[in-house]
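Let me begin by presenting the structure, written as structure tokens, before commenting on it.
2 protein chains.
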Amino acid sequence: MGKPTMEDVAARAGVSRALVSLVMRNAPNVSAQRRAAVRKAADELGYSPHVMARSLASRTSTVLGVMVNDLRNAFFADVVEGLDAAAQAAGFDLILNTGGRIPSREGAALRSLLSFRPAGVVLLSPVVPAAAIEAAARQCPVVLVSRTSRLSTVDTVNDDGEAGAALAVEHLAQLGHRRIAHLDGGGAAGAAARRRGFRQAMRAHGLEPIVVRSEHTDTAGEKAVQELLSSYSPAPTALLAGNDFNAVGAISALEEHGLRVPEDVSVVGYDNTSLASLRHISLTTVDQPRAEMARLAFDALLERVRGERTEPVRHLLHPSLVVRETTGPNSGEAQR
Amino acid sequence: MGKPTMEDVAARAGVSRALVSLVMRNAPNVSAQRRAAVRKAADELGYSPHVMARSLASRTSTVLGVMVNDLRNAFFADVVEGLDAAAQAAGFDLILNTGGRIPSREGAALRSLLSFRPAGVVLLSPVVPAAAIEAAARQCPVVLVSRTSRLSTVDTVNDDGEAGAALAVEHLAQLGHRRIAHLDGGGAAGAAARRRGFRQAMRAHGLEPIVVRSEHTDTAGEKAVQELLSSYSPAPTALLAGNDFNAVGAISALEEHGLRVPEDVSVVGYDNTSLASLRHISLTTVDQPRAEMARLAFDALLERVRGERTEPVRHLLHPSLVVRETTGPNSGEAQR
DNA sequence: GCCCTTGATTAGAGCGCTCTAAGCTTGTAG
DNA sequence: CTACAAGCTTAGAGCGCTCTAATCAAGGGC
């Protein structure tokens, strides 16, 4: 438990504390001989510099705060992995928090992150009020992922939900579908953009958009399908779910109603989580480039940290469609 | 970007820095009047204490290092969520790292965590050599989750994989199954215990254990089933997969072979991930109490931090069986 | 031989906080 | 009126490090 300090290393190597500091930071202008002696002493003592002390003394931080509202959501877990990869490569460390989509908890989590005086903060789909974000941005660079903002002090990284939804509609229309319904994600992250994109794309194809309110869970997907089947007499032949979980729930409900996927009804998900790629599910879905989103978020932070940029940046990533086995041609059912 | 310091608050409130420190720590023996004045000044300035400076000065740490090998694995994501919940409640913060199941990367990640001089470190299913763990344990309390160890300086939290496998075998035997196969997880965390438990339980029921080598992925599950069906002439009527993903892959392969689940073959998973509870899959599986594991890991750390305990503790949690719709009675097929 | 440069090393202040010990008020007993 | 305890408040050292400025040795030019 006794952790050696720089002073201990200096004593053992017979040099000053300052010299040890220079060696630990790989500074130039240290003779090879002393450098070796210091390295040796450090190794023998199992010494490694105290990050917090370094941070305090150098008035710089190598810590990145990350607030995620739900790690169980594979989308966020993937983004965190991506952030960690970028951070490790650049010598940064992540301090991680969850906010549980509860504004008060997220606020506390954010404050907790800021008390580390991090180099920057990444908020994954936060629900805190804009004022809280603005306040945070006064302390350090802030990047929002899966949330938009008009604040000129924060950067944002989002996937283009409108384009993603349009991609799905395009695909389904090409397969001959006319009656296409969207299971709306409600207030969830990105749901509004998807809904908007769905509506626009449908109209662009001269089709009437059908939107059923749902949530980003599988049980909500089941419920939405039941509602859909009971309220629309010629049932839709295709569905764009709010996300993958929602899609899987929808598929369950469809099958319970004796409708086969994709023969009777095509289903498209959103997110391309690991769930979608399971052979047993093999869901056609819209892929958000999570690794790239993480990379961009990290880079945006770094640019601000280095003072290379002061104007906000708005990344809108283009999603792509991954066609699997839950979509197929409209089965010749009367074209209305 | 200009962060106020304790000195600023002191000046504004017209008191000394030390008094501000006392107020921020909710120390007793501060007059209500001064306390209010300090609070007010702090609020107006948007001040919150610098955790790192505090840590340095107080020679204590409120940081917990967490190394996880793969956040994408829902099991680990759940444990991290649990750790975060416990940490937040106790005023600790998590610094999070991934090691990717690569010893060298995990080693670097661990060193990185230790350079924060954390109060303790939690390693989730690490693959680093015992020597590295021992070295870490000399620096601060270490808890291993999903990995065993004989080191008297570290605590461990594991689920009882033997009992879990036995639970599954018990369930299947009770349903009349005799030819039960286990898709072995190979070198994955916990796989050895499950294999052992499976073999023992089978023998205890007077049954011949069938073990096929696999991995903890769905594609491996498919492959394993194909192998199984081609090498065992009376095909097994029940399967215990290595984990849930593996089980889903197995189900796909079974269905492709025209075998229905559970009518022809029963399938049991392991982990009870969110996947398993999807109605569309509805997998019978063994549940590891992840939240409790996280809680115990945190508590073990805290006990060591507080010096309340020096002997190692070995938590072996009892898993439970969650029966859903992928298991059913042996369909009267010749009882061998 | 002297002055300067150049590169290597170190002293010492200070980062923002905690903590111990000392100082300052009061109130009260003698 | 003095003494002293109890309750508040503060001075000042120090946590482990970085960084600036100073020191020092070793040449090199004249």
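First to last, the protein sequences are chains R and D.
When you number the first sequence by the working numbering, it's gap-free, plus one each residue, and the end is 1774.
When you number the second sequence by the working numbering, it's gap-free, plus one each residue, and the end is 1774.
From the three backbone atoms N, C-alpha and C, an ideal C-beta is built for every residue, glycine too.
- For Q1577 (chain D), the number of other beta carbons within 10 angstroms of its own is at least 16, and it is reported as buried.
- Nearest neighbour of I1540 (chain D) by Cα position, chosen from D:L1605, D:T1586, D:R1477, D:A1626, turns out to be D:A1626.
- The count of Cβ pairs closer than 8 Å, one atom from the region 1531 to 1548 of chain D and one from the region 1585 to 1592 of chain D, stays below three, leaving the stretches out of contact.
- In this structure, D:V1699 is the residue among D:F1683, D:V1699, D:L1721 with its C-alpha nearest to the C-alpha of T1675 (chain D).
- The Cβ atoms of L1716 (chain R) and V1686 (chain D) sit closer than 8 Å to each other.
- As the crow flies, the alpha-carbon of V1592 (chain D) is around 6 Å from that of V1581 (chain D).
- Excluding its 5 nearest sequence neighbours in each direction, L1561 (chain D) has C-beta neighbours in its own chain below 6 Å: M1505, L1582, listed in chain order.
- Contacts with chain R (Cβ-Cβ distance below 9 Å) from the region 1728 to 1742 of chain D involve no residue at all.
- For a cut-off of 8 Å, the C-beta gap from S1704 (chain R) to H1615 (chain R) is around 6 Å, short enough to register as a contact.
- Secondary structure at R1752 (chain R): strand, using DSSP grouped into helix, strand and coil.
- Using a Cβ-Cβ cut-off of 8 Å, M1490 (chain R) counts as an interface residue toward chain D, since at least one Cβ of chain D sits closer than that to its own.
- Within 8 Å of the CB of A1557 (chain R), no CB atom of chain D is found; the nearest one sits about 11 Å away.
- Within the region 1664 to 1733 of chain D, the runs of alpha helix (DSSP H) at least 4 residues long that lie entirely inside it are, in chain order, 1682 to 1694, 1712 to 1715.
- Secondary structure at A1735 (chain D): helix, using DSSP grouped into helix, strand and coil.
- Counting C-beta pairs with one atom in each stretch, the region 1506 to 1524 of chain D and the region 1510 to 1518 of chain R have three or more that are closer than 8 Å, which means they touch.
- Under the DSSP definition of a beta bridge, I1540 (chain R) lacks any partner.
- The beta carbon of R1742 (chain D) lies closer than 6 Å to those of P1579 in the same chain, with the five residues before and after it left out.
- Between L1740 (chain R) and the set R:G1529, R:K1441, R:V1565, the nearest pair of CA atoms involves R:G1529.
- Rounded to the nearest angstrom, the gap between the Cα atoms of V1751 (chain D) and Q1726 (chain D) is 19 Å.
- Interface residue (Cβ-Cβ distance to chain R less than 8 Å): D1597 (chain D) is not classified as such.
- In the structure shown, V1517 (chain R) falls within a helical segment according to DSSP collapsed to helix, strand and coil.
- Cβ-Cβ distances below 7 Å link L1734 (chain R) to V1595, H1753 in the same chain, with the five nearest sequence neighbours on each side left out; the list follows chain order.
- Taking each of D:S1669, D:E1763, D:F1736, D:G1624 in turn and checking the Cα distance to D1702 (chain D), the smallest one comes out for D:E1763.
- The DSSP-derived three-state label of G1628 (chain D) is coil.
- The bridge partners DSSP lists for D1593 (chain D) are D:V1581.
- Residues R1472, A1475, V1476 of the same chain have their beta carbon placed closer than 8 Å to that of V1453 (chain R), with the five preceding and five following residues left out of the count.
- Inter-residue distance for R1633 (chain R) and E1608 (chain R) is about 14 Å (C-alpha atoms, whole angstroms).
- DSSP places L1562 (chain R) in the strand class (E or B) of the three-state scheme.
- Here DSSP, grouped into helix, strand and coil, assigns L1621 (chain D) to strand.
- When DSSP assignments are scanned along the region 1478 to 1517 of chain R, the uninterrupted stretches of beta strand (DSSP E) that are 3 or more residues long and fall wholly within it turn out to be 1501 to 1506.
- For I1648 (chain D), DSSP records a beta bridge to D:A1619.
- Taken through DSSP and simplified to helix, strand or coil, S1758 (chain D) comes out as strand.
- For the pair I1719 (chain R) and G1745 (chain R), the Cα-to-Cα distance works out to about 47 Å.
- Interface annotation, E1519 (chain R): in contact with chain D, CB-CB separation under 8 Å.
- For E1608 (chain D), the enclosing alpha helix (DSSP H) covers residues 1599 to 1612.
- Among the residues of the region 1687 to 1705 of chain D, those with a Cβ less than 7 Å away from any Cβ of chain R are G1687, I1689, S1690, in the order of the chain.
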